[in-house]
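A.B. asks:
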Amino acid sequence: MKKLIVLLLCFSVNQILFSQNLKDIDFVSPFNEDLAAVQKNDQWAFINKKGEKVIDFRDGVVATEINSEEPSIKYPIFKEGKCIIKKRIDNTFYYGYMDKEGNTIIEPQFLNVTNFKEGIAIIIKIDTTTMGKNKILSKNVVSYNLEEYVIDGSGKIIKYLDNGRGYNDAMNSTSLPPSFHSKIIAPRLIALKTKNEKWNLYSW
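In this note's numbering, the protein residues as written are 2 to 205.
(1) Considering Thr93, what are the terminal residues of the beta strand (DSSP E) in which it resides?
(2) Check each candidate in Gly156, Thr129, Ile158 and name the one with the smallest Cα separation from Asn146.
(3) From this set, Phe181, Asn33, Pro179, Thr105, which residue's C-alpha is nearest Glu81's C-alpha?
(4) With C-beta atoms as the reference, is Pro77 less than 8 Å away from Val63?
(5) Would you identify the three-state DSSP class for Glu108, choosing helix, strand or coil?
(6) Pop quiz: Gly97 and Ile107 are said to be a contact at Cβ under 8 Å. What is the actual Cβ separation, rounded to whole angstroms?
(7) Ignore the nearest five residues each way along the sequence and tell me which others in Phe181's own chain have a CB closer than 8 Å to its CB.
(8) Exposed or buried, which one is Tyr95 when buried takes at least 16 other CB atoms within 10 Å?
(9) Considering Cα atoms alone, identify which of Lys41, Gly120, Lys184 is closest to Ser155.
(10) Is Arg189 near Trp200, with beta carbons less than 8 Å apart?
(11) What are the partner residues of Lys118, as DSSP defines its beta bridges?
(12) Would the beta-carbon of Ile85 fall within 8 Å of that of Ile74?
(13) Using 10 angstroms around the beta-carbon of Phe206, count the other beta-carbons present and answer buried if the total reaches 16, otherwise exposed.
(14) Report the three-state DSSP secondary structure of Val55 (helix, strand or coil).
(15) At which residues does the beta strand (DSSP E) containing Phe47 begin and terminate?
(16) Just the Cα atoms here: how many angstroms apart are Leu193 and Ile159?
(17) With burial defined as no fewer than 16 other Cβ atoms inside 10 Å of the residue's Cβ, what is the status of Ile191: buried or exposed?
(18) Using the rule of at least 16 other Cβ atoms within 10 Å of the residue's Cβ for burial, across every protein chain shown, is Lys51 buried or exposed?
Structure (structure tokens):
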């Protein structure tokens, strides 16, 4: 009986250890903030340094460019405890963030977002302006523009970046999310490329 109990215990331990192994993985990223992204097909999960899954495989996790010198290398990362996620709504992807437990902490609502840096991130959203009213159709004439803003860790907008552009021009040219014209260069300091290819600095 004792030998049978020992054999059953060994079998159970082996089953537990075996179940923790991840096999047939397509890609494993370097560790960042103590988590590494692993890819299987089109889904991503995150493991800790023990090889344990802390976030299970799921859709909607966004792979981001890690090194501007090698733009083809992309995988999801956590920056300041947040990872970019996306959600399709009416054939358009919207972007937000999840935490290290896989919980959505900033709802996908922006057309593009950056990783957090120095406690802030840059987002692109649609702004609407009522230009007037069409008397024949009795409808408002609305202009749509893409605008860049700075948000804090809660998703609150804290700074407007004067860099509007036409919605149709930016969205119809490619299936990719609209690109950024600004970047974070220091805490509370943003560099923004103007239409004439010059740079403006914004601080607050």
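Ideal Cβ placement from N, Cα and C applies to all residues, glycine included.
C.D. replies: Judging by the given coordinates:
(1) Position 92 of the sequence shown, counting from 1, holds the residue named residue 93. Segment 93 to 99, the beta strand (DSSP E) holding Thr93.
(2) Here residue 146 refers to the residue found at position 145 of the sequence shown. Closest option to Asn146, Cα to Cα, is Thr129.
(3) If you number the sequence shown from 1, residue 81 lands on position 80. Answer by Cα proximity: Asn33.
(4) Indexing the sequence shown from 1 puts residue 77 at position 76. Indexing the sequence shown from 1 puts residue 63 at position 62. Contact: yes.
(5) As a working note, residue 108 is residue 107 in the sequence shown. Three-state DSSP puts Glu108 in a strand.
(6) Your numbering for residue 97 matches position 96 in the sequence shown. Your numbering for residue 107 matches position 106 in the sequence shown. Yes, Gly97 and Ile107 are in contact; Cβ-Cβ is about 5 Å, under 8 Å.
(7) Indexing the sequence shown from 1 puts residue 181 at position 180. Here the set comprises Asn113, Thr115, Ile123, Ile125, Glu149.
(8) Locating residue 95 in the sequence shown gives position 94, where the first residue counts as 1. That one is buried.
(9) The count along the sequence shown starts at 1 and reaches residue 155 at position 154. Minimum Cα distance to Ser155 is reached at Gly120.
(10) Looking up residue 189 in the sequence shown gives position 188. Looking up residue 200 in the sequence shown gives position 199. Not in contact: Arg189 and Trp200 (Cβ atoms no closer than 8 Å).
(11) Residue mapping note: residue 118 aligns to position 117 of the sequence shown, counting from 1. Its beta-bridge partners are Ile121.
(12) The residue labelled residue 85 in the question sits at position 84 within the sequence shown. The residue labelled residue 74 in the question sits at position 73 within the sequence shown. Contact flag unset, no.
(13) Past the edges of the chain, shown from 2 to 205, lies residue 206, and the structure says nothing about it.
(14) The residue labelled residue 55 in the question sits at position 54 within the sequence shown. It is a strand residue.
(15) Locating residue 47 in the sequence shown gives position 46, counting from the first residue. First-last of the beta strand (DSSP E) with Phe47: 44 to 48.
(16) Translated into the one-based positions of the sequence shown, residue 193 becomes position 192. Translated into the one-based positions of the sequence shown, residue 159 becomes position 158. Their backbone Cα atoms lie some 16 Å apart in a straight line.
(17) Here residue 191 is taken as the residue at index 190 of the sequence shown, counted from 1. With 16 or more other Cβ atoms within 10 Å, it is buried.
(18) For the purposes of this step, residue 51 is identified with residue 50 of the sequence shown, where counting begins at 1. Exposed: under 16 other Cβ atoms inside 10 Å.
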